[in-house]
Amino acid sequence: MASTETKADDLAGLEAGLDALDAVQVRRTPAREILLDKVLPPVVAVVLVVLVWQLLVWAKVTDDYKLPPPGAVWDSLTDMWVQGTLLEVIWTSVSRGLFGFVMAVAIGTPLGLLVARVKVVRAAIGPILSGLQSLPSVAWVAPAVIWLGLNDSMMYAVILLGAVPSVANGLVSGVDQVPPLFLRAGRTIGATGLRGTIHIVLPAALPGYLAGLKQGWAFSWRSLMAAEIIASSPDLGLGLGQLLENGRNNFDMPGIFLAILLILFVGIAIDLLIFSPLERRVLRSRGLLVKS
Numbered sequence: 001m002a003s004t005e006t007k008a009d010d011l012a013g014l015e016a017g018l019d020a021l022d023a024v025q026v027r028r029t030p031a032r033e034i035l036l037d038k039v040l041p042p043v044v045a046v047v048l049v050v051l052v053w054q055l056l057v058w059a060k061v062t063d064d065y066k067l068p069p070p071g072a073v074w075d076s077l078t079d080m081w082v083q084g085t086l087l088e089v090i091w092t093s094v095s096r097g098l099f100g101f102v103m104a105v106a107i108g109t110p111l112g113l114l115v116a117r118v119k120v121v122r123a124a125i126g127p128i129l130s131g132l133q134s135l136p137s138v139a140w141v142a143p144a145v146i147w148l149g150l151n152d153s154m155m156y157a158v159i160l161l162g163a164v165p166s167v168a169n170g171l172v173s174g175v176d177q178v179p180p181l182f183l184r185a186g187r188t189i190g191a192t193g194l195r196g197t198i199h200i201v202l203p204a205a206l207p208g209y210l211a212g213l214k215q216g217w218a219f220s221w222r223s224l225m226a227a228e229i230i231a232s233s234p235d236l237g238l239g240l241g242q243l244l245e246n247g248r249n250n251f252d253m254p255g256i257f258l259a260i261l262l263i264l265f266v267g268i269a270i271d272l273l274i275f276s277p278l279e280r281r282v283l284r285s286r287g288l289l290v291k292s
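Structure below.
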């Protein structure tokens with residue numbers, strides 16, 4: 001009897017220890033720590049880049065028309081702001097990119113599930129998706145213009161052809177990494193078919209799926225910039241890609257540098273505002289991120 005009680009106490013102690021390990025201590029990160037760890041490093045990096053840039057201009061490493069000073073790029077920025085075109089140009093490209101990305105997610109998600117769960121479909125389509133993902137999206141601009149003309153539909157077609165394979169392959173990779181034990185447990189409780197996919201497969205595959213979404217957005221943004229640069233037209237409005245191409249046509253290096261910096265800024269902003277919070281939430285839900 002005493003031996004049975006001892007085993008029961010040991011088991012209870014083991015369970016308590018496991019519960020303690022599973023419990024993640026979440027604390028609110030102080031504002032000063034956020035400032036020092038998150039805000040200050042990129043600000044210092046930007047300042048250093050601008051300083052090196054200015055030093056290269058002062059050192060006359062090349063002609064000014066090839067490497068404009070930061071002040072000239074800032075003047076181009078302020079001119080666009082005063083004219084009221086800066087936010088309009090940014091929004092033209094951002095709205096196209098986000099809408100095309102949402103369409104890519106809507107198409108790539110069920111396609112990825114189909115490829116991941118049906119062997120025949122994977123054998124038929126899987127290699128094609130991998131090939132499309134490695135194909136430069138700029139290659140689709142010429143046929144898209146011929147098929148659809150110079151309009152927004154052509155832009156979205158290029159975005160979809162560039163982003164859908166990345167979203168689908170990311171989900172396939174996530175599903176492949178789901179432990180078989182999860183699937184067996186789901187079948188045991190009756191989570192099969194569509195219910196099992198929604199409640200078991202997708203949550204378990206979320207990290208890989210999120211990585212595919214991030215890559216899909218990168219492909220969406222790059223595809224859109226390629227389409228805007230190559231297929232410039234007044235009917236399409238002025239986006240960041242057209243701004244870059246206009247700078248090239250006018251030999252306006254400050255305008256070219258400004259367009260490049262704005263494209264980079266939008267890419268970083270979308271990652272910080274959308275994907276980084278989602279990634280932290282996923283990691284925190286799995287006990288992989290202690291700080292809140």
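Position one of the sequence shown corresponds to residue 1 (the UniProt record's numbering), numbered consecutively onward. Beta carbons are placed, not taken as given, at the ideal position from N, Cα and C, and that holds for glycine.
Roughly how many angstroms separate the alpha carbons of L111 and R117, rounded to a whole number?
Rounded to whole angstroms, L111 to R117 spans 10 Å at the Cα level.
What three-state label does DSSP hand F251 in the structure shown?
In the structure shown, F251 adopts coil according to DSSP, grouped into three states.
How many angstroms separate the CA atom of G267 from the CA atom of W221?
Approximately 8 Å, taken between the alpha carbons.
Quick one: what's got a C-beta closer than 8 Å to I229's C-beta in the same chain, skipping five residues either side?
Excluding residues within five positions, the ones whose Cβ falls inside 8 Å are G241, Q242, L244, E245.
Is Q177 helix, strand or coil when you go by DSSP?
Here Q177 sits in coil by DSSP.
For the alpha helix (DSSP H) containing A106, list its first residue and its last residue.
Taken as a continuous stretch (DSSP letters only), the alpha helix (DSSP H) holding A106 covers 86-117.
Element boundaries [alpha helix (DSSP H), containing G212]:
Boundaries of the alpha helix (DSSP H) harbouring G212: 206-230, taken from the DSSP string.
Taking the Cβ atom as the reference point for each residue, do W217 and F99 lie within a distance shorter than 8 Å?
No, the pair does not count as a contact, with Cβ atoms beyond the cut-off.
May I ask which residues mark the beginning and end of the alpha helix (DSSP H) holding L148?
Residues 141-148.
Presumed contact (8 Å Cβ cut-off) between L282 and P207, rounded CB distance
According to the sequence displayed, residue 282 carries Val and not Leu. Going by Cβ atoms, the distance from V282 to P207 rounds to 6 Å, so yes, they are a contact pair.
Euclidean distance between Cα positions of L18 and R284:
Its pLDDT being 44, under 50, L18 is placed unreliably in this model, and the value from its coordinates should be taken loosely. Rounded to whole angstroms, the separation of the alpha carbons of R284 and L18 is 18 Å.
Counting Cβ pairs closer than 8 Å, one from the segment 79-87 and one from the segment 136-156, do we hit at least three?
With fewer than three CB-CB distances shorter than 8 Å, the segment 79-87 does not count as touching the segment 136-156.
Taking the CB atoms as reference points, tell me whether V201 and V164 lie closer together than 8 Å.
Result no, Cβ atoms of V201 and V164 do not sit closer than 8 Å.
Touching by the beta-carbon criterion (3+ pairs, under 8 Å), the segment 65-82 and the segment 123-132:
Segments in contact, no.
By the DSSP assignment, the alpha helix (DSSP H) with S137 in it spans what residues?
Neither: S137 is in no alpha helix (DSSP H) and is coded neither H nor E.
Can you tell me where the alpha helix (DSSP H) holding S233 begins and where it ends?
For S233, no alpha helix (DSSP H) encloses it, and the DSSP letter there is neither H nor E.
Neighbour-count burial assignment, N250, 16 or more Cβ in a 10 Å radius:
Around the C-beta of N250, fewer than 16 other C-beta atoms lie within 10 Å, and the residue is accordingly described as exposed.
Drop a sphere of 10 angstroms on the beta-carbon of K60, count the other beta-carbons inside from all chains shown, and report buried for 16 or more, exposed for fewer.
When all chains shown are included, K60 counts as exposed.
Does DSSP classify V61 as helix, strand or coil?
Coil.
Which residues mark the beginning and the end of the alpha helix (DSSP H) in which residue 306 is found?
For the chain, the structure presents residues 1 to 292; residue 306 sits outside this window and is missing.
Closer than 7 Å: G126 CB and nearest the ligand FMN heavy atom
The model on display carries no ligand, and the ligand FMN is accordingly not part of it.
Counting only the same chain and skipping the five closest in sequence on each side, list residues whose C-beta sits under 6 Å from that of V73.
Only P254, F257, L258 meet the Cβ criterion.
Buried or exposed (CB count within 10 angstroms, at least 16 for buried), L272
Under this definition L272 is an exposed residue.
Assuming V105 and L213 form a contact by the criterion Cβ under 8 Å, report the distance between their Cβ atoms to the nearest whole angstrom.
Your pair V105 and L213 checks out as a contact, with CB atoms roughly 7 Å apart and the cut at 8 Å.
Cβ of L161 within 8 Å of Cβ of S137?
Yes, the Cβ-Cβ distance between L161 and S137 is below 8 Å.
Given that a residue counts as buried once 16 or more other Cβ atoms are within 10 Å of its Cβ, and exposed if not, what is N51?
As written in the sequence, residue 51 is Leu, which differs from the Asn given in the question. L51 sits exposed, since fewer than 16 C-beta atoms from the chains shown fall within 10 Å of its C-beta.
Quick one: grab the DSSP three-state call for L67.
Looking at L67 - three-state DSSP - the assignment turns out to be coil, as it is neither helix nor strand.
State the DSSP-derived secondary structure class of V24, mapped to helix, strand or coil.
With a pLDDT of only 46 at V24, under 50, the local geometry of the prediction cannot be trusted, and the value read off the model is given with reservation. Looking at V24 - three-state DSSP - the assignment turns out to be coil, as it is neither helix nor strand.
Kindly indicate which three-state DSSP category N151 falls into: helix, strand or coil?
Of the three classes helix, strand and coil, the one that applies to N151 here is coil, per DSSP.
To the nearest whole angstrom, what separates the beta carbons of M154 and A231, a pair I think is in contact under 8 Å?
Between A231 and M154 the Cβ distance is about 6 Å, and since that is below 8 Å, they are a contact.
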